[in-house]
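Below is one structure; the comments refer to it alone.
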Amino acid sequence: MHIDRVLFFAIALMLGSCTVNPPVANDPPIWGRIDCQRGEGNPAIVAEFDQAKALCLSRGESAAAVAGTAGPNACMSEQGYVLRTRSEHKAACAAMPTPKNAANSQVPSQKPAIAQPASVPVGPAAPAKQ
Numbered sequence: 025m026h027i028d029r030v031l032f033f034a035i036a037l038m039l040g041s042c043t044v045n046p047p048v049a050n051d052p053p054i055w056g057r058i059d060c061q062r063g064e065g066n067p068a069i070v071a072e073f074d075q076a077k078a079l080c081l082s083r084g085e086s087a088a089a090v091a092g093t094a095g096p097n098a099c100m101s102e103q104g105y106v107l108r109t110r111s112e113h114k115a116a117c118a119a120m121p122t123p124k125n126a127a128n129s130q131v132p133s134q135k136p137a138i139a140q141p142a143s144v145p146v147g148p149a150a151p152a153k154q
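Given below as structure tokens:
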């Protein structure tokens, strides 16, 4: 009878020590800017993000790849975005120098300029030579 109780408590202890990891859906991957600027409340940054997505889609990337649901995407990375969870992004950005410190250190922005699709004219065409 004593062995049954010990066995019961041992099994209960083993089962009780199992923990369930929280679902990843609570912190899904998001595209964040390399320079850690946020789009919330900043229409210019939102417009840049929309341009980057449109450019990648025009290059033939799938909607899932551009949305980040298919994992990291080279095209979005080229546009200055990195795919990571919100908590990873916050931690990485917290480790970066603040804008005040960055201005003193004269470090240029890490976000590259967004490349335009080849079909978009850059400016007026030069007159043709005759």
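Per the working numbering, the sequence shown starts with residue 25, numbered consecutively. The C-beta atom is built at its ideal place from N, Cα and C for all residues, glycine as well.
Considered as a whole, the segment 56-116 harbours 67-82, 87-91 and 98-102 as its complete alpha helix (DSSP H) runs of no fewer than 4 residues, in chain order. Taken atom to atom, the span from the alpha-carbon of Gly104 to that of Asp59 is near 8 angstroms. Cβ contact annotation for Arg110 (same chain, cutoff 7 angstroms, sequence separation greater than five): Asp51 and Ile54, in chain order.
In its chain, beyond the 5 residues on either side, Pro53, Ile54, Gly56 and Ala116 have a beta carbon closer than 8 angstroms to the beta carbon of Arg108.
Spatial neighbours of Lys77 in its own chain (CB-CB distance under 7 angstroms, excluding positions within 5 residues in sequence) are listed in chain order as Val90.
Pairing Ala94 with Ser86 gives a Cβ-Cβ distance under 8 angstroms. Proximity to Cys99 across Gly84, Cys80, Glu64 and Asn66 peaks at Cys80, based on C-alpha coordinates. As the crow flies, the alpha-carbon of Gly65 is around 12 angstroms from that of Ala71. The alpha-carbon separation between His113 and Ala88 amounts to approximately 20 angstroms.
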